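**Student:** Here's a structure for you.
Protein chains in written order, with our numbering: chain A, 1 to 209; chain B, 210 to 418.
So, in structure tokens, the structure goes:
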């Protein structure tokens, strides 16, 4: 598995979708109409049985579109769904354990929120680091402190791994976030506030155009 | 892995322990001073990283005592901790998926709450069924309806698998629960309301004496 490619890292947040009356699988389909560097499924409030069902359905959509698909938090769900990788938080299972399970070919991402975590992650068997929240975010229950564009630049300079910027990023922020050196940019709410396919297409143009 | 043996199935509920000011690992050690049919770790509110750390520590205690150790809900944590099995709820990953993962030698239990679920479980690759709540319980956030001793007898008659009775069972209930045909009886709070080692010893005498 190559590392995360430049461009848009789209996150389907099941709970954020449902809160807007959107069907998560339909949102995943909309996102996959444009070339993404990755698609991630986040389903914090679902049961495990619902998680694996949704992950399998989204995996099929992503596979058909040739887009790498990652499951948030849970390597077991990623494996059962046939996903291309998993995105881990600091409180999830350690990346080393997950790497031994998934083997060398799956992608593993790790969330980081300060330069200490970015430095510590240099030794971890991961393919990229999420770093943020770059701006204030509404889709996390207990967000870490905002790191800002200066923090993002510092993380890019410090990190041994490519950085995926995340957290409260709007479409109009994308040129500045890209200029700060992020390999890819993760969007959640910004893709849902409007037509998801159109928003994703506009984000990709801003990031790769 | 043989199926669950007659006797006491002790559950270390991390959150119930912490609510009483008890250290979960110390409670596990206390339980393991008596012969148990199984020891289960339940840690609903812990992070995954804390879950696997606690599960590894409890696994070592159970292994030293020769007691089968199961992790609640999560087969991935069970594997990482080297547990002997996993206990699944109706909303957890399907037993068939978990069996393929864990292989034939680990124990898999499945919670059931009515005769329909008991009947449906006949085709599942599990080693025993939990059935309950037999009485009103305080350690589940959203408990299923109480089944009572009559419900327990009906489940024992219907089930293709041994039944572990669970839910709100006090020490004084054990003779009646045993008489209803449960293979083993799971206790949570009843072992914490007093000295855990003494309560467990008393429960074992009531169940096997």
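For each residue, glycine too, the CB sits at the ideal point set by N, CA and C. The structure displayed is predicted, hence computed values, not measured ones.
Quick check on the DSSP output: the alpha helix (DSSP H) that includes residue 121/A runs from which residue to which?
**Tutor:** Careful: residue 121/A lies outside any alpha helix (DSSP H) and carries neither H nor E.
**Student:** Between the region 249-262 of chain B and chain A, which residues of the former have a C-beta closer than 8 angstroms to a C-beta of the latter?
**Tutor:** Going along the region 249-262 of chain B in chain order, one finds 256, 257, 258, 259 and 261 with a Cβ nearer than 8 angstroms to chain A.
**Student:** Could you pull out every residue in the same chain whose Cβ sits closer than 6 angstroms to the Cβ of residue 139/A, ignoring the five residues on either side in sequence?
**Tutor:** Closer than 6 angstroms at the Cβ level, and outside the excluded window around residue 139/A, lie 13, 16, 188 and 189.
**Student:** Apart from the five residues on each side of it in sequence, which residues of its chain come closer than 7 angstroms, Cβ to Cβ, to residue 168/A?
**Tutor:** Cβ within range, chain order: 133, 134, 135, 136 and 137.
**Student:** Can you find a C-beta in chain A that's less than 8 angstroms from the C-beta of residue 304/B?
**Tutor:** Closer than 8 angstroms: no.
**Student:** Please list the terminal residues of the continuous alpha helix (DSSP H) segment that includes residue 231/B.
**Tutor:** No alpha helix (DSSP H) holds residue 231/B; DSSP gives it neither H nor E.
**Student:** Could you check which residue in 160/A, 142/A, 130/A and 141/A has the C-alpha nearest to that of residue 212/A?
**Tutor:** Any question about residue 212/A goes unanswered here, given that chain A covers just 1 to 209.
**Student:** What's the call for residue 202/A, buried or exposed, on a 16-neighbour Cβ count within 10 Å?
**Tutor:** Its Cβ being crowded by 16 or more others within 10 Å, residue 202/A is buried.
**Student:** Which of helix, strand or coil does DSSP assign to residue 278/B?
**Tutor:** Looking at residue 278/B - three-state DSSP - the assignment turns out to be strand.
**Student:** What residues from the region 65-85 of chain A come within 7 angstroms of chain B, judged by C-beta to C-beta, listed N to C?
**Tutor:** If the cut-off is 7 angstroms between Cβ atoms, the region 65-85 of chain A has 75, 76 and 80 near chain B.
**Student:** Check whether the Cβ atoms of residue 109/A and residue 164/A sit closer than 8 angstroms, and answer yes or no.
**Tutor:** Contact: yes.
**Student:** Would you call the region 86-97 of chain A and the region 52-67 of chain A in contact, with 3 or more CB pairs under 8 angstroms?
**Tutor:** As far as the Cβ criterion goes, the region 86-97 of chain A does not touch the region 52-67 of chain A, which means the pair count is below three.
**Student:** Would you say the region 153-164 of chain A touches the region 115-125 of chain A, given that touching needs at least three Cβ pairs under 8 angstroms?
**Tutor:** At 8 angstroms Cβ cutoff, the stretches touch.
**Student:** Mind checking which residues open and close the alpha helix (DSSP H) that includes residue 76/A?
**Tutor:** Taken as a continuous stretch (DSSP letters only), the alpha helix (DSSP H) holding residue 76/A covers 75-81.
**Student:** With 16 as the cutoff for other CB atoms within 10 Å, does residue 228/B come out buried or exposed?
**Tutor:** The residue is exposed, with fewer than 16 neighbouring Cβ atoms inside 10 Å.
**Student:** Of the choices 78/A, 101/A, 34/A and 105/A, whose alpha-carbon is the least far from that of residue 41/A?
**Tutor:** With distances taken between Cα atoms, residue 41/A lies closest to 78/A.
**Student:** List, in chain order, every chain A residue whose beta-carbon is nearer than 9 angstroms to that of residue 336/B.
**Tutor:** Within 9 angstroms Cβ-Cβ: nothing; residue 336/B doesn't reach chain A, min ~20 angstroms.
**Student:** Whole-angstrom Cβ separation of residue 70/A and residue 85/A, contact assumed at under 8 angstroms?
**Tutor:** The Cβ separation is near 4 angstroms, so the contact holds.
**Student:** Please classify residue 74/A: is it buried, with 16 or more other beta-carbons within 10 angstroms of its beta-carbon, or exposed?
**Tutor:** The residue is buried, with at least 16 neighbouring Cβ atoms inside 10 Å.
**Student:** Whose CA, out of 305/B, 241/B and 256/B, lies closest to the CA of residue 267/B?
**Tutor:** Closest by alpha carbon: 241/B.
**Student:** Is the shortest distance between the beta-carbon of residue 105/A and the beta-carbons of chain B less than 8 angstroms?
**Tutor:** Chain B, which has no Cβ nearer than 8 angstroms to the Cβ of residue 105/A, makes this no.
**Student:** Taking C-beta pairs closer than 9 angstroms, name the residues in chain A that residue 224/B reaches, listed in chain order.
**Tutor:** Per Cβ cutoff of 9 angstroms: no residues; residue 224/B is ~16 angstroms from chain A at best.
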